[in-house]
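First the structure, in the form of structure tokens, and then the observations on it.
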Amino acid sequence: MVLPLAGEGVGPAAGAIVLAASAARALDDSYQSFLQLVAHHTAQVINSASAYQVRRRKADELAEIDRAKTAFFAHVSHEFRTPLALIMGPLAELRARLAGRAMCSTAFCVILDPATGRFTYSSAGHPPGILAHPDGRAELLEEGRSLSLAIEPGRRRSDAEGWLRAGAVLLLYTDGLVERRRRPPTAGIAAVAAALRDGHGLPVQDLASQVMAALAPSGGYEDDVALVLYRHPATDVPRAAASRLGHLLGLIRP
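For our numbering, add 455 to where a residue sits in the sequence shown, where the first one is 1.
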């Protein structure tokens, strides 16, 4: 008798088992129920082993990511001038070790000094960040580009610098925000820049909602979308504090 081995839930059968009935007794309903019970318990053992393998694989992947994060932060110096090539290195190594589980991985890394507005960035095959200036101009962060992660891992990666003036907005996003069928990504990027200009005076949370609404396809987003919005404070607090401190020191100078 060939009986299916049921998979987890409503999924396909995990396989089949061939059971030979004894010639010493009739293959009645009771005997068939017993053989089906054997098949059921065998399927449970197989499904349990498969689930354990899945959990173990996920745990190994998470541990790999955790090791990569540790290496990531170990490479980032407390000095702001740290080249972002050092940050991309551990990410590329992780992508290489996970080869076969993902076809392509991109990244866009930014290190920002909030006290001055100065930032350094590097892109590994990712859509460019967008810098919306207070005067309404939109600037694409297209320098500091290199290949996607795990492509030529030993290749040196470049970075570039920028400056956020008071009130400027920096936007980073995933490709699901701008890529559409039968439309070049540049058109989507231009639409994002226009949405940033139109909502420049909105609070950051409302601006994010406006960007998402402006770019949403009629049938809704087909891909996962994530974005990061940062607006540089309109008042440069550290500089203002330094100015006040300098004034006070001037008052008490002998």
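C-beta atoms are modelled at their ideal positions from N, C-alpha and C, and glycine is treated no differently. On a predicted model such as this, the values are computed, not experimentally measured, just so you know.
- By the criterion of a C-beta distance shorter than 8 Å, threonine 497 is surrounded in its chain by Leu460 and Ile472, once the five residues flanking it on both sides are discounted.
- Arginine 620: not part of any alpha helix (DSSP H); DSSP gives it neither H nor E.
- Counted as a single uninterrupted DSSP element, the stretch harbouring proline 688 is not any beta strand (DSSP E), since DSSP gives it neither H nor E.
- For proline 459, no alpha helix (DSSP H) run applies; the uninterrupted beta strand (DSSP E) run containing it begins and ends at 457-460, by DSSP.
- If you look at alanine 481, you'll find it isn't in any alpha helix (DSSP H); DSSP assigns it neither H nor E.
- As the crow flies, the alpha-carbon of leucine 684 is around 12 Å from that of valine 647.
- Its chain contains Ala650, Asp653, Gly654 and Leu657 as the residues whose beta carbon lies nearer than 8 Å to that of glutamine 665, once the 5 sequence neighbours on both sides are disregarded; these appear in chain order.
- Less than 8 Å divides the Cβ of leucine 596 from the Cβ of glycine 584.
- Between phenylalanine 563 and leucine 632, the C-beta spacing is not below 8 Å.
- Comparing alpha carbon positions, the residue from Phe489, Arg573 and Ala504 closest to leucine 474 is Phe489.
- According to the DSSP secondary-structure assignment, glutamate 594 is paired through a beta bridge with Leu586.
- Counting every other CB atom within 10 Å of its CB across the protein chains shown gives alanine 668 a total below 16, marking it as exposed.
- For glycine 580, the beta-bridge partners assigned by DSSP are Ala562.
- Counting along the chain, alanine 668 sits inside the alpha helix (DSSP H) bounded by residues 659-670.
- Relative to the Cα of glycine 470, the nearest Cα in the group Gln487, Ala481, Ala479 and Ala494 belongs to Ala494.
- Contact between arginine 686 and glutamate 616 does not hold, since the beta-carbon distance rounds to 19 Å and is not under 8 Å.
- If you draw a straight line from the Cα of alanine 476 to the Cα of valine 457, it comes to about 11 Å.
- In chain order, Gly654 place their CB closer than 8 Å to the CB of aspartate 661, counting only its own chain and leaving out the 5 sequence neighbours on each side.
- Between the alpha carbons of glutamate 594 and serine 505 lies a gap of roughly 50 Å.
- Arginine 522 has its alpha-carbon roughly 24 Å from the corresponding atom of threonine 629.
- Histidine 588 is not a Cβ neighbour of arginine 638, given a cutoff of 8 Å.
- In the DSSP annotation of this structure, the continuous segment of the alpha helix (DSSP H) that includes valine 647 starts and ends at 640-653.
- CA-to-CA, the gap between leucine 682 and leucine 625 works out to about 10 Å.
- Rounded to the nearest angstrom, the Cβ distance from isoleucine 644 to proline 688 is 26 Å, too far for a contact under 8 Å.
- In the three-state scheme derived from DSSP, where H, G and I count as helix and E and B as strand, valine 500 is classed as helix.
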